[in-house]
Amino acid sequence: MTFRARLKGFTLIELLVVIAIIAILIALLLPAVQQAREAARRTQCRNHLKQLGLALHNYHDNYQYFPQGVTGVYQSRTTTGATGPGVGTEWRGHSVHWMLLPYIDQAPLYSQFNQNYGWDDLISSGGKSDNDVFNKVKITPYLCPSDRLMAGTTQGQNNYVMSTGPTTGWTATAAESVGIFSRRVSRGIRDITDGTSNTIAASEIIKGDNNNAVYELGPDLVRGIPFPSPYNRVKPTQAQLQAYSSACSAGTANHHSWAGLTWAGPMMNYTLFTTVAPPNPPLHTCFTCAGCGAGDGEGMFPARSRHTGGAHHLLGDGAVRFISDNTDLSLYQNLGTIGGNETVGDF
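Here it is as structure tokens:
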């Protein structure tokens, strides 16, 4: 009697079981892989902010003060072209990021800029200055890898913003310019009487998607909404912030999605922010100017990040702290002032 060896193979049921086990393993491992990747991106994001802190202090060592929030030349912009450096609209100047280029290994780029013109000004021919070409360079220390890149633009983009303090921002008077970085005001460590370790210098924002047809709460900037009355220009109350955000919610049709468009422009929502509210608040980013293309107006410009639970903040002493979304409003606003003599607890 002869026997035939039986060829063994997978049955359909066995194959399905193996596939199911593999699927379960992938489902278990994939979140861990994603978390590990985000942890690496978050660390890199923090290190970029740390690098900016080092650059700020190296700049301070040279000049005994930090760069102005809006600095450089103030060039009039015309439709027919300018004949040379002049005076006029301040937002045509330079950002802190521009002034820090030599301190983040970008001295060759900085040397190519035409310092007689602002970051995006016109020249005598009526076209853009060479600066418009150079400021489209993407600079790694100015980008947080946790955030997306803005599509449909050649601009350099930016995720890190300098603090003007707990104020309405753009047109603040000298008395209302309470942060480290203000318009046309140079401040040094000697001016930070609250202590550099208790004062916010910079934080994060998330970039817009360059789609002005669809509003997104967070990065998108609502335009043309006046402040409610009463409204504190410095340290607005929680009720005032909520009232302003509620007013802004009715005006989202007039918005732009260009947050973080450039590192060269010295405007709110590009390279500056306010500490009027803790990071990632459930409030609209909003300002009073109806036709402004950027944040060159008064408003509410909070820090925002893609990180869960808070945002990285650079302090005046160069340290980087992760500050929670749930930080007390008064504490956070106090951290934004340079000389308020407030008592700051643990944060």
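Sequence positions in the sequence shown follow the working numbering and run 21 to 367. C-beta atoms are modelled at their ideal positions from N, C-alpha and C, and glycine is treated no differently.
Candidates the options, of which the one nearest residue i by Cα
i, options, result
"residue 275", "256, 242 and 267", "242"
"residue 350", "232, 267 and 186", "186"
"residue 270", "299, 303, 114 and 66", "303"
"residue 216", "299, 61, 337 and 289", "337"
"residue 358", "207, 316, 245 and 367", "207"
"residue 61", "235, 160 and 264", "160"
"residue 209", "295, 280, 247 and 87", "87"
"residue 180", "43, 329 and 67", "67"
"residue 58", "85, 326 and 279", "326"
"residue 295", "56, 279, 43 and 331", "331"
"residue 220", "279, 135, 352 and 136", "352"
"residue 90", "194, 201 and 193", "201"
DSSP beta-bridge partners of residue i
i, result
"residue 318", "189"
"residue 330", "344"
"residue 222", "182 and 334"
"residue 202", "205"
"residue 307", "319"
"residue 91", "114"
"residue 293", "183"
Close beta carbons around residue i, own chain, < 7 Å, minus the five adjacent residues each side
i, result
"residue 130", "121 and 122"
"residue 168", "227"
"residue 48", "none"
"residue 31", "none"
"residue 99", "Its pLDDT being 41, under 50, residue 99 is placed unreliably in this model, and the value from its coordinates should be taken loosely. Here the set comprises nothing."
"residue 71", "124 and 161"
"residue 64", "165"
"residue 233", "none"
"residue 258", "349"
"residue 267", "245 and 248"
"residue 85", "206, 207 and 208"
Residue i versus residue j - alpha carbon distance
i, j, result
"residue 222", "residue 38", "52 Å"
"residue 319", "residue 334", "22 Å"
"residue 297", "residue 50", "35 Å"
"residue 140", "residue 45", "52 Å"
"residue 340", "residue 69", "7 Å"
"residue 205", "residue 76", "16 Å"
"residue 124", "residue 305", "30 Å"
"residue 35", "residue 41", "10 Å"
"residue 82", "residue 356", "25 Å"
"residue 211", "residue 225", "26 Å"
"residue 354", "residue 364", "7 Å"
"residue 174", "residue 362", "43 Å"
"residue 264", "residue 246", "8 Å"
"residue 102", "residue 290", "Here the model assigns residue 102 a pLDDT of 43, short of 50, so the residue's position is not dependable and the matter cannot be decided."
"residue 105", "residue 329", "For residue 105, the predicted model reports a pLDDT of 44, less than 50, meaning its position is unreliable and no value from the coordinates is stated."
"residue 199", "residue 80", "16 Å"
"residue 248", "residue 52", "46 Å"
"residue 95", "residue 136", "Residue placement at residue 95 is poorly supported in this model, since its pLDDT is 48, which falls under 50; the coordinates still yield a value, given next. If you take the alpha carbons of residue 95 and residue 136, they lie about 8 Å apart."
"residue 367", "residue 43", "42 Å"
"residue 110", "residue 256", "Unreliable positioning characterises residue 110 in this predicted model, as indicated by a pLDDT of 46, which lies under 50. The coordinate reading is nonetheless provided below. Distance between the alpha carbons of residue 110 and residue 256: 26 Å."
Cut-off 8 Å between Cβ atoms - residues of its own chain near residue i, not counting five sequence neighbours on either side
i, result
"residue 312", "243"
"residue 127", "121"
"residue 132", "150 and 154"
"residue 315", "189, 190, 241, 287, 288, 289, 290, 292, 307 and 321"
Contact check, residue i vs residue j, beta carbons under 9 Å
i, j, result
"residue 229", "residue 170", "yes"
"residue 360", "residue 214", "yes"
"residue 182", "residue 293", "yes"
"residue 345", "residue 301", "yes"
"residue 184", "residue 288", "yes"
"residue 157", "residue 176", "yes"
"residue 231", "residue 277", "yes"
"residue 250", "residue 262", "no"
"residue 235", "residue 272", "yes"
6 Å CB neighbourhood of residue i in its chain, flanking five on each side removed
i, result
"residue 153", "none"
"residue 284", "115, 118, 139 and 155"
"residue 196", "187, 253 and 254"
"residue 33", "none"
"residue 324", "225, 226, 238 and 300"
"residue 322", "297 and 301"
"residue 163", "179"
"residue 203", "89 and 90"
C-beta neighbour in chain E for residue i, strict 9 Å
i, result
"residue 230", "Protein chain content of the structure displayed is limited to a single chain, and chain E is not contained in it."
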